[in-house]
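Data first, discussion second: the structure below is written as structure tokens.
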Amino acid sequence: MSVLIDVVGLLGAGALLYAYAMLSMRKLTGDSLAYQLINLGGAIGLMINSAFHFAWPSAVLNLVWSGIGILTLWRLATTRPWKRRHLPDGPLADDSSWH
1 MSVLIDVVGL
11 LGAGALLYAY
21 AMLSMRKLTG
31 DSLAYQLINL
41 GGAIGLMINS
51 AFHFAWPSAV
61 LNLVWSGIGI
71 LTLWRLATTR
81 PWKRRHLPDG
91 PLADDSSWH
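Structural data, given as structure tokens:
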């Protein structure tokens, strides 16, 4: 069982790193469904692993992280598409109105 929990933790850590890398390289946006699902999956994997190993500070951190992910997914699911903010070339597009 311990090996399975360790694999879950490693997959969780990998998912969080992958999501962060994709966000940093502008392959995903912070409010995309894919990013939020990968991020949530990673947090849940690390939460399970941390709780199993009685690493309560990390388990609580990932519980909160998961809660934020769930709230964000709820917001994405309930926000009307025409009210969502979209920029022409991604979330960090150069918009002259910001200058």
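Just so you know, we're using full-length UniProt numbering here: the sequence shown kicks off at 1 and counts up by one. The beta-carbon is built from N, C-alpha and C at its ideal position, and this holds for glycine as well.
Taking all protein chains shown into account, decide if residue i is buried (16 or more other Cβ within 10 angstroms of its Cβ) or exposed.
| i | result |
| --- | --- |
| H99 | Caution applies to H99, whose pLDDT of 42 falls short of 50 and renders its modelled position unreliable; the value that the coordinates give is listed next. With fewer than 16 Cβ atoms within 10 Å of its Cβ, H99 is classed as exposed. |
| G14 | exposed |
| S97 | In this prediction, S97 has a pLDDT of 45, which is less than 50 and means its spatial position is unreliable; what the coordinates show is noted afterwards. The residue in question, S97, is exposed, as its Cβ has fewer than 16 Cβ neighbours within 10 Å. |
| A19 | buried |
| A93 | The predicted model places A93 with a pLDDT of 49, which falls under 50 and marks its position as unreliable, so this point remains unresolved. |
| I38 | buried |
| L10 | exposed |
| S24 | exposed |
| S66 | buried |
| S2 | exposed |
| I68 | exposed |
| R26 | exposed |
| residue 153 | Because the chain spans 1 through 99 in this model, residue 153 falls outside it and cannot be assessed. |
| L40 | buried |
| A21 | exposed |
| L4 | exposed |
Which first and last residues belong to the alpha helix (DSSP H) in which residue i is found?
| i | result |
| --- | --- |
| D31 | D31 -> no alpha helix (DSSP H), and no H or E assigned at all. |
Give a yes or no on whether the C-beta atoms belonging to residue i and residue j are separated by under 7 Å.
| i | j | result |
| --- | --- | --- |
| M47 | L33 | no |
Enumerate, from N- to C-terminal direction, the unbroken alpha helix (DSSP H) stretches of 4 or more residues contained entirely within the UniProt domain "CBU-0592-like" (5-79).
-> Segments of the alpha helix (DSSP H) lying fully in the UniProt domain "CBU-0592-like" (5-79): 33-52 and 56-78.
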